[in-house]
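One structure is given here, and the rest of the page talks about it.
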Amino acid sequence: MASTQARLDRLETYLRDDPNNPSLLQEAFATALQCQQWERAQFHLRHALALESNSLPWALRECDFWLAQGAYDPALQVLQRLQTIPNPPAALADTLLHNTAFIAFQQGRYPDCTALLEHRMDLEALQQDPELLQSTAFLSLGKLWLRALHYAGDLEHAVQWAHQLAQAQQLHPAMAGVASLAALDHEQFGLAQQWATQALEHAQEGDKPLEALVTLASLALGERNAPKAQALAVEALRLQPGDGRAWSALAFADLLAGDPATACQHFDNAIKAMPGHIGTWHGLGWAQLVQHQLPAAQSTFETALALDRNFADSHGGLAVVLALQQQTAQAQEHAKLALRLDPASLTARFAQALLQGEASTPERFEALARKLLGSQPAPVGTGSLWEGVLESMAAKAQQPQ
Numbered sequence: 189m190a191s192t193q194a195r196l197d198r199l200e201t202y203l204r205d206d207p208n209n210p211s212l213l214q215e216a217f218a219t220a221l222q223c224q225q226w227e228r229a230q231f232h233l234r235h236a237l238a239l240e241s242n243s244l245p246w247a248l249r250e251c252d253f254w255l256a257q258g259a260y261d262p263a264l265q266v267l268q269r270l271q272t273i274p275n276p277p278a279a280l281a282d283t284l285l286h287n288t289a290f291i292a293f294q295q296g297r298y299p300d301c302t303a304l305l306e307h308r309m310d311l312e313a314l315q316q317d318p319e320l321l322q323s324t325a326f327l328s329l330g331k332l333w334l335r336a337l338h339y340a341g342d343l344e345h346a347v348q349w350a351h352q353l354a355q356a357q358q359l360h361p362a363m364a365g366v367a368s369l370a371a372l373d374h375e376q377f378g379l380a381q382q383w384a385t386q387a388l389e390h391a392q393e394g395d396k397p398l399e400a401l402v403t404l405a406s407l408a409l410g411e412r413n414a415p416k417a418q419a420l421a422v423e424a425l426r427l428q429p430g431d432g433r434a435w436s437a438l439a440f441a442d443l444l445a446g447d448p449a450t451a452c453q454h455f456d457n458a459i460k461a462m463p464g465h466i467g468t469w470h471g472l473g474w475a476q477l478v479q480h481q482l483p484a485a486q487s488t489f490e491t492a493l494a495l496d497r498n499f500a501d502s503h504g505g506l507a508v509v510l511a512l513q514q515q516t517a518q519a520q521e522h523a524k525l526a527l528r529l530d531p532a533s534l535t536a537r538f539a540q541a542l543l544q545g546e547a548s549t550p551e552r553f554e555a556l557a558r559k560l561l562g563s564q565p566a567p568v569g570t571g572s573l574w575e576g577v578l579e580s581m582a583a584k585a586q587q588p589q
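Here the sequence shown stands for residues 189 to 589, where the numbers follow the numbering used here.
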């Protein structure tokens with residue numbers, strides 16, 4: 189940031205001697221945006237528009253000025269004005285489409301974003317436009333389209349669309365990185381691994397796709413490789429410090445590494461970014477359980493239940509907490525609910541075993557955890573952690589409080 193501001197200072201020094209130089213104005217404006225010097229950027233923007241009021245490039249830069257600040261209403265006003273241009277060139281139409289859809293995405297209107305992009309992203313039509321498939325415009329539109337489908341919950345569509353492009357050898361590595369996380373959440377783990385690896389192999393240093401790093405961190409959790417998962421999650425957070433999935437992956441890696449206190453801090457960061465992500469609430473609940481923070485864990489699993497009362501593991505986790513607090517009737521009720529929703533629920537079975545006194549000593553507690561969780565394959569990511577979590581609980585759960 190300091191070097192960028194120094195560059196801006198130099199550019200403005202040159203502009204004092206040559207104030208109407210178009211190249212210097214463009215560079216100074218872009219540099220001011222880069223270092224978030226909004227007033228200085230606006231000064232150069234107004235100067236350029238005064239010199240050339242009907243300039244299309246500067247109108248687009250005005251939109252960039254508002255977008256960079258998250259000021260979406262004035263950005264939309266600029267876009268709506270530009271959309272009145274008759275017979276716009278294809279490149280301009282794609283830019284306006286991308287920016288309009290991007291605003292919908294940033295405002296959390298994911299179905300609106302996909303609806304805006306759907307026609308342009310039709311694969312049959314795209315095959316008739318090979319130049320577009322090779323363009324930076326298509327790359328930007330494709331990444332936004334995949335993210336919007338993912339956030340809208342249409343994982344199958346996102347994975348199918350990316351897979352069709354991959355089969356035609358038209359899936360750009362950066363788009364593959366975005367698609368990898370959708371594939372992970374759709375439990376297409378082979379594709380997730382393939383696309384994330386492809387994305388990182390072709391990425392420039394400092395320009396790695398965030399989703400690819402999160403995907404590989406999650407897959408490392410499935411392999412119970414805590415150091416690898418931690419390293420990948422930290423790298424993702426360097427790119428985007430507020431990303432909830434990266435914080436969640438890091439927290440689960442901390443939990444796997446036997447550091448539940450740090451895991452709780454990182455789960456809190458994840459929840460701030462994505463308060464509706466039930467799996468992260470479960471992770472926080474188990475991290476609290478490991479530390480025998482039973483009232484806090486109970487509140488956490490109750491929050492997960494409030495988000496979706498039909499999620500078996502929320503009932504199962506709560507049943508474990510209640511069983512450890514000797515709240516027998518409630519624990520039995522939630523264990524039964526979990527088993528109705530998922531007859532194979534390990535957490536429900538674990539809670540029932542606790543209620544039946546099958547874990548009366550730390551040794552029996554750990555043996556029970558191994559027996560139950562070793563009998564069923566665990567999913568990639570958080571599911572593979574429960575054995576390690578419950579083993580850690582063995583030393584604490586039976587200690588006198």
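Where is the CB? At the ideal position from N, CA and C, for every residue including glycine. Keep in mind the model is a prediction, meaning the values are calculated, not measured.
Legend entry - Nearest candidate by alpha-carbon position, reference residue 371, set 407, 435 and 452: Here residue 371 is taken as the residue at index 183 of the sequence shown, counted from 1. Nearest C-alpha to residue 371: 407.
Legend entry - Beta-carbon contacts of residue 564 that lie in its chain and below 8 Å, excluding the five residues immediately before and after: Start at 1 with the first residue of the sequence shown, and residue 564 comes out as number 376. Residue placement at residue 564 is flagged as unreliable, the pLDDT there being 39, under the threshold of 50; the coordinate-derived value follows with that caveat. Apart from the 5 residues on each side of it in sequence, residue 564 sits with its Cβ closer than 8 Å to the Cβ of 532 and 534 in its chain, given in chain order.
Inset, instruction - State buried or exposed for residue 585, treating a residue as buried only when at least 16 other CB atoms are found within 10 Å of its CB. - result: If you number the sequence shown from 1, residue 585 lands on position 397. Annotation note: pLDDT 47 at residue 585 (below 50); position unreliable, coordinate value reported separately. Buried, since its Cβ has 16 or more Cβ neighbours within 10 Å.
Inset, instruction - Report the option in 539, 268, 266 and 343 whose CA atom is closest to the CA atom of residue 302. - result: On the sequence shown, residue 302 is found 114 positions in, with the first residue counted as 1. Checking every option, the nearest Cα to that of residue 302 belongs to 343.
Inset, instruction - Pick out whichever of 333, 320 and 272 has its Cα sitting closest to the Cα of residue 297. - result: Numbered from its first residue, the sequence shown carries residue 297 at position 109. For residue 297, the nearest C-alpha among the options comes from 333.
Legend entry - Rounded C-alpha distance that separates residue 434 from residue 460: Numbered from its first residue, the sequence shown carries residue 434 at position 246. Numbered from its first residue, the sequence shown carries residue 460 at position 272. So the alpha carbons of these two residues sit roughly 12 Å apart.
Legend entry - Check whether residue 217 and residue 269 have beta carbons under 8 Å apart: Counted from its first residue, the sequence shown places residue 217 at position 29. Counted from its first residue, the sequence shown places residue 269 at position 81. Not in contact: residue 217 and residue 269 (Cβ atoms no closer than 8 Å).
Inset, instruction - For residue 261, I'd like the list of residues in its chain whose CB is within less than 7 Å of its CB, leaving aside the five on either flank, ordered along the chain. - result: Counted from its first residue, the sequence shown places residue 261 at position 73. Once the five neighbours on either side are set aside, residue 261 has no close Cβ partner at all.
Legend entry - Beta-carbon proximity list for residue 399, same chain, < 7 Å, skipping 5 on both sides: Taking the first residue of the sequence shown as position 1, residue 399 is located at position 211. Answer for residue 399: 365, 366, 368 and 369, listed in chain order.
Inset, instruction - Can you say whether residue 376 is buried or exposed, counting buried as having 16 or more other CB atoms within 10 angstroms of its CB? - result: Here residue 376 refers to the residue found at position 188 when the sequence shown is read from its first residue. Taking a 10 Å sphere around the C-beta of residue 376, we find 16 or more other C-beta atoms and assign the residue as buried.
Legend entry - Buried or exposed by the 16-neighbour rule on C-beta atoms within 10 Å, applied to residue 309: Within the sequence shown, residue 309 is the residue found at index 121, counting from 1. Looking at its Cβ environment, which holds 16 or more other Cβ atoms inside 10 Å, residue 309 is buried.
Inset, instruction - State the Cα-Cα distance for the pair residue 259 and residue 233, rounded to the nearest angstrom. - result: Position 71 of the sequence shown holds residue 259. Position 45 of the sequence shown holds residue 233. Taking the straight line from one Cα to the other gives about 16 Å.
Legend entry - Own chain partners of residue 336 with C-beta closer than 6 Å, once the 5 adjacent residues on each side are dropped: Counting from 1 along the sequence shown, the entry for residue 336 is found at position 148. Around residue 336: 293, 298, 301 and 302.
Legend entry - Sub-8 Å separation of residue 493 and residue 503 beta-carbons: Locating residue 493 in the sequence shown gives position 305, counting from the first residue. Locating residue 503 in the sequence shown gives position 315, counting from the first residue. Contact: yes.
Inset, instruction - May I ask which residues mark the beginning and end of the alpha helix (DSSP H) holding residue 272? - result: The residue you call residue 272 lines up with position 84 of the sequence shown. Run containing residue 272: none; DSSP gives neither H nor E here.
Legend entry - Under 8 Å between C-beta atoms of residue 404 and residue 418: If you number the sequence shown from 1, residue 404 lands on position 216. If you number the sequence shown from 1, residue 418 lands on position 230. Cβ atoms of residue 404 and residue 418: not closer than 8 Å.
Legend entry - Span of the alpha helix (DSSP H) around residue 476: Here residue 476 refers to the residue found at position 288 of the sequence shown. Residues 466-478.
Inset, instruction - Indicate whether residue 487 and residue 465 have their beta-carbon atoms separated by less than 8 Å. - result: Counting from 1 along the sequence shown, the entry for residue 487 is found at position 299. Counting from 1 along the sequence shown, the entry for residue 465 is found at position 277. Going by C-beta atoms, residue 487 is not nearer than 8 Å to residue 465.
Inset, instruction - Report yes or no: is there a C-beta of chain C within less than 8 Å of the C-beta of residue 207? - result: Protein chain content of the structure displayed is limited to a single chain, and chain C is not contained in it.
Inset, instruction - Output yes or no for whether 8 Å exceeds the beta carbon distance between residue 441 and residue 458. - result: The residue labelled residue 441 in the question sits at position 253 within the sequence shown. The residue labelled residue 458 in the question sits at position 270 within the sequence shown. No, these two residues do not count as a Cβ contact at 8 Å.
Inset, instruction - Quick one: using the 10 Å Cβ neighbour count with 16 as the cut-off for buried, is residue 392 buried or exposed? - result: Within the sequence shown, the letter at position 204 stands for residue 392. Result: exposed.
Inset, instruction - Have a look at residue 206 and residue 253 and give me their C-alpha separation to the nearest angstrom. - result: The sequence position of residue 206 within the sequence shown is 18, counting from 1. The sequence position of residue 253 within the sequence shown is 65, counting from 1. Using only the alpha carbons, I get a separation of about 23 Å.
Legend entry - Cα-Cα separation between residue 445 and residue 360, rounded to whole angstroms: On the sequence shown, residue 445 is found 257 positions in, with the first residue counted as 1. On the sequence shown, residue 360 is found 172 positions in, with the first residue counted as 1. Those two C-alpha atoms are separated by around 35 Å.
Inset, instruction - Ignoring anything shorter than 4 residues or poking outside the region 371-405, list the alpha helix (DSSP H) runs there in chain order. - result: 377-390
Inset, instruction - Go ahead and label residue 540 buried or exposed: buried means 16 or more other beta carbons lie within 10 angstroms of its beta carbon, across all protein chains shown. - result: As a position in the sequence shown, residue 540 is number 352, starting the count at 1. So residue 540 ends up on the buried side.
Inset, instruction - Check the C-beta distance from residue 478 over to residue 429 and give it rounded, since I have them as a contact under 8 Å. - result: By 1-based counting over the sequence shown, the position of residue 478 is 290. By 1-based counting over the sequence shown, the position of residue 429 is 241. Actually they are not in contact, since the Cβ atoms of residue 478 and residue 429 sit about 26 Å apart, beyond 8 Å.
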